[in-house]
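>
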Ligand SMILES: NC(=O)c1ccc[n+]([C@@H]2O[C@H](COP(=O)([O-])OP(=O)(O)OC[C@H]3O[C@@H](n4cnc5c(N)ncnc54)[C@H](O)[C@@H]3O)[C@@H](O)[C@H]2O)c1
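In my numbering, the protein residues as written are 22 to 366.
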C-alpha cells in the first residue's frame, strides 16, 4: 500500500494554491495526509490543483475558494471540515510592495491571521503552522548565522506584519495551552517540484533572485541586475540562504509531526544554514541550464545587508529536519519549471 492510500489527518492549507502551499500539499499527500486547499486565487492559477495531482501522482485535492478575511466562511469551513490542523500560507510577500502599500500587508497578513485564529478558537481547531520569514530578524544586528534567539527588528511593513502575526499566535498559545503553534521562519525558498508541474508564479518583475535569473536564462529579460559588488563577502555580492522548496515542504510535514508528537509548539528557522552569493547563483544557473545569464553591476539598494543565513541547529533538534538539496538541484528544477511554463523546448 502506498502512502497515498493511508489516512492521516485532514489539514486545511490556506493559500494552498500558491508557490509554497502547493509543494506542501504534494508532500502531505505523499505522507498520507488529506490536504484541503482554501485560496482566493489572488496569486495562483486555477489549474494548480490539477497540476498538484500530476506532481503527487494522486487525486486533485479538494479546493475551497474563499478569502481568509471572511470570518463567516472561515468558521463554516472549519466547523464542517473536521480538520486536525491548519497550515497558514495565505498572504502577501513582497517587501517592496509592502513599503508602498503597508495597509494591504496589515489587512491580509495580520487582519487575515486574526480572523483565522478567531475562527479556529470558535471551532476548537487548535493546531496551526504559520509561514513566517527571516525578515522578522534585525539582519544588521547579526554578524553570522542567525539563530531563533537573534535580535528581532523587521526593516519593512512586510516583516512587521509577520512579526505581529507571530505575536498574536504566541499570545493565543499562552492564553490557551491546548493550542499547538509551529512558527516557521523561512529563509529564501527557491526551485520547483522535480516533476516540473508546479513552481513559483513570479511577480513582474520578479521580487526574488532565482525567478529573475530564470527569466534571463529563458530570454525574457536581457540581463540580471546585481545590486552591489562591494559587500564584505567572498565575491562582494550579497549572500543569502536559499532553501529548496521541496525541503521547505518536508520541513512543514516535520513541523506537523512535531506538533502531534511533542504536545508543544516551536519557533524554528527553515534554511540550509549556508549562504550563496548572487554571482554563485548566477553561475550555477548558467551551468545547469546551459544558457547565457548576462549581468550588470548596479549600486547597492538601500536596506540590503551583506549576508543573511540561518543557524539550522534548532530545526535539526526539534524537527529532525535538515535540508537535502543544494543549489544545483534548485536551479535544475527551476529551469524545468520555467521551460514548461514559458513553452520552451
Ligand atoms: N516565497 C518566499 O520567498 C517567502 C519567504 C518567507 C515567507 N513567505 C510566506 O509564505 C507564505 C506563502 O508564500 P508563497 O511564496 O507561496 O506566496 P504565493 O503568493 O505563491 O502564495 C500565497 C497564496 O495565498 C493566496 N492568498 C492571498 N491572499 C489571500 C486571501 N486574502 N485569502 C485567501 N487566499 C489568499 C494567493 O492566491 C496564493 O495562492 C506567505 O505568507 C509568505 O509571506 C514566503
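For every residue, glycine included, the Cβ atom is placed at its ideal position computed from N, Cα and C.
On a CA-only basis, which of 221, 231, 170 is nearest residue 310? Give me that one, please.
The residue labelled residue 310 in the question sits at position 289 within the chain shown. Residue 310 has its Cα closest to that of 231, out of 221, 231, 170.
> If we call anything under 9 Å between Cβ atoms a contact, is residue 47 one with residue 91?
Along the chain shown, one-based indexing puts residue 47 at 26. Along the chain shown, one-based indexing puts residue 91 at 70. Against a cut-off of 9 Å, the Cβ pair of residue 91 and residue 47 comes out as no contact.
> Under 8 Å from any heavy atom of ligand 1, does the C-beta of residue 173 make it?
Counting from one through the chain shown, the residue named residue 173 turns up at place 152. False, no ligand heavy atom lies under 8 Å from that Cβ.
> With DSSP run on the structure shown, which of helix, strand or coil describes residue 283?
Along the chain shown, read from residue 1 onward, the residue named residue 283 stands at position 262. Here residue 283 sits in helix by DSSP.
> Mapping DSSP to helix, strand and coil, what is residue 130?
Within the chain shown, residue 130 is the residue found at index 109, counting from 1. DSSP places residue 130 in helix when its eight states are reduced to three.
> Ligand 1 and residue 56: does any heavy atom of the ligand fall closer than 8 Å to the residue's C-beta?
Against the chain shown, residue 56 aligns to sequence position 35. No - ligand 1 has no heavy atom lying nearer than 8 Å to the Cβ of residue 56.
> Helix, strand or coil for residue 180? Go by DSSP, reduced to three states.
Here residue 180 refers to the residue found at position 159 of the chain shown. Note: residue 180 maps to helix in three-state DSSP.
> Identify the continuous beta strand (DSSP E) that holds residue 349 and give its terminal residues.
Counting from 1 along the chain shown, the entry for residue 349 is found at position 328. Looking at the DSSP string, residue 349 is not in any beta strand (DSSP E); the run it does join, the alpha helix (DSSP H), is 348-362.
> Put residue 252 into one of helix, strand or coil per three-state DSSP.
In the chain shown, residue 252 corresponds to position 231, counting from 1. Here residue 252 sits in coil by DSSP.
> Beta-carbon within less than 6 Å of residue 70's beta-carbon, same chain only, minus the 5 sequence neighbours each way: which residues are those?
Translated into the one-based positions of the chain shown, residue 70 becomes position 49. The answer, listed in chain order, is 81, 82, 84.
> At a cut-off of 8 Å, is residue 90 close to ligand 1 when judged by its beta-carbon and the heavy atoms of the ligand?
Counting from 1 along the chain shown, the entry for residue 90 is found at position 69. Checking every heavy atom of ligand 1 against the Cβ of residue 90, one is found closer than 8 Å.
> Is residue 210 near ligand 1, with its Cβ less than 8 Å from a heavy atom?
Indexing the chain shown from 1 puts residue 210 at position 189. True, at least one ligand heavy atom lies under 8 Å from that Cβ.
> Taking just the CA atoms, how far does residue 59 sit from residue 129?
Locating residue 129 in the chain shown gives position 108, counting from the first residue. Locating residue 59 in the chain shown gives position 38, counting from the first residue. Looking at the two C-alpha atoms, the distance is approximately 14 Å.
> Check whether the Cβ of residue 60 sits closer than 8 Å to any heavy atom of ligand 1, and report yes or no.
What you label residue 60 is simply residue 39 of the chain shown in a count that begins at 1. Within the cutoff, so yes.
> Just checking, does the stretch 166-182 make contact with the stretch 264-284 on the three C-beta pairs under 8 Å criterion?
The stretch 166-182 is not in contact with the stretch 264-284.
> Taking the beta carbon of residue 114 as the centre, do at least 16 other beta carbons fall within 10 Å, making it buried, or is it exposed?
If you number the chain shown from 1, residue 114 lands on position 93. Buried, since its Cβ has 16 or more Cβ neighbours within 10 Å.
> To the nearest angstrom, how far is it from the Cα of residue 345 to the Cα of residue 36?
Reading the chain shown from its first residue, position 324 is the one you call residue 345. Reading the chain shown from its first residue, position 15 is the one you call residue 36. Residue 345 and residue 36: Cα-Cα distance of roughly 25 Å.
> Relative to the C-alpha of residue 158, which residue among 328, 363, 336 is closest?
Counting from 1 along the chain shown, the entry for residue 158 is found at position 137. Residue 328 is the option with its Cα nearest to residue 158.
> Three-state secondary structure (DSSP) at residue 60?
Translated into positions along the chain shown, residue 60 becomes position 39. Residue 60 falls in the strand class under three-state DSSP.
> Pick helix, strand or coil for residue 149, following the three-state DSSP scheme.
By one-based count along the chain shown, residue 149 stands at place 128. Reduced to three states, the DSSP call for residue 149 is strand.
> Anyone know if the C-beta pair for residue 334 and residue 294 falls short of 9 Å?
By 1-based counting over the chain shown, the position of residue 334 is 313. By 1-based counting over the chain shown, the position of residue 294 is 273. A contact, by the Cβ cut-off of 9 Å.
> Any heavy atom of ligand 1 within a distance shorter than 8 Å of the CB on residue 42?
Within the chain shown, the letter at position 21 stands for residue 42. At least one heavy atom of ligand 1 is nearer than 8 Å to the Cβ of residue 42, so yes.
> Since residue 219 and residue 44 are thought to touch, with beta carbons under 8 Å apart, how far apart are those beta carbons, to the nearest angstrom?
Against the chain shown, residue 219 aligns to sequence position 198. Against the chain shown, residue 44 aligns to sequence position 23. The Cβ separation is near 6 Å, so the contact holds.
> Can you tell me whether residue 207 is helix, strand or coil according to DSSP?
Here residue 207 corresponds to residue number 186 of the chain shown, with the count starting at 1. Three-state DSSP puts residue 207 in a strand.
> With DSSP collapsed to three states, give me the class of residue 106.
Residue 106 sits at position 85 when you count from the first residue of the chain shown. Residue state, collapsed to three classes: strand.
> Let me know the secondary structure DSSP gives residue 89 once reduced to three states.
For this step, residue 89 is matched to residue 68 along the chain shown. Coil, per DSSP.
> Ignore the nearest five residues each way along the sequence and tell me which others in residue 74's own chain have a CB closer than 8 Å to its CB.
Indexing the chain shown from 1 puts residue 74 at position 53. Cβ within range, chain order: 80, 81, 82.
> Let's test the definition: count the other Cβ atoms within 10 Å of the Cβ of residue 229 and tell me whether it reaches 16, buried, or not, exposed.
Locating residue 229 in the chain shown gives position 208, counting from the first residue. Flag for residue 229 reads buried.
> So, with DSSP's three-state summary, where would you put residue 317?
Taking the first residue of the chain shown as 1, we reach residue 317 at position 296. Three-state DSSP puts residue 317 in a strand.
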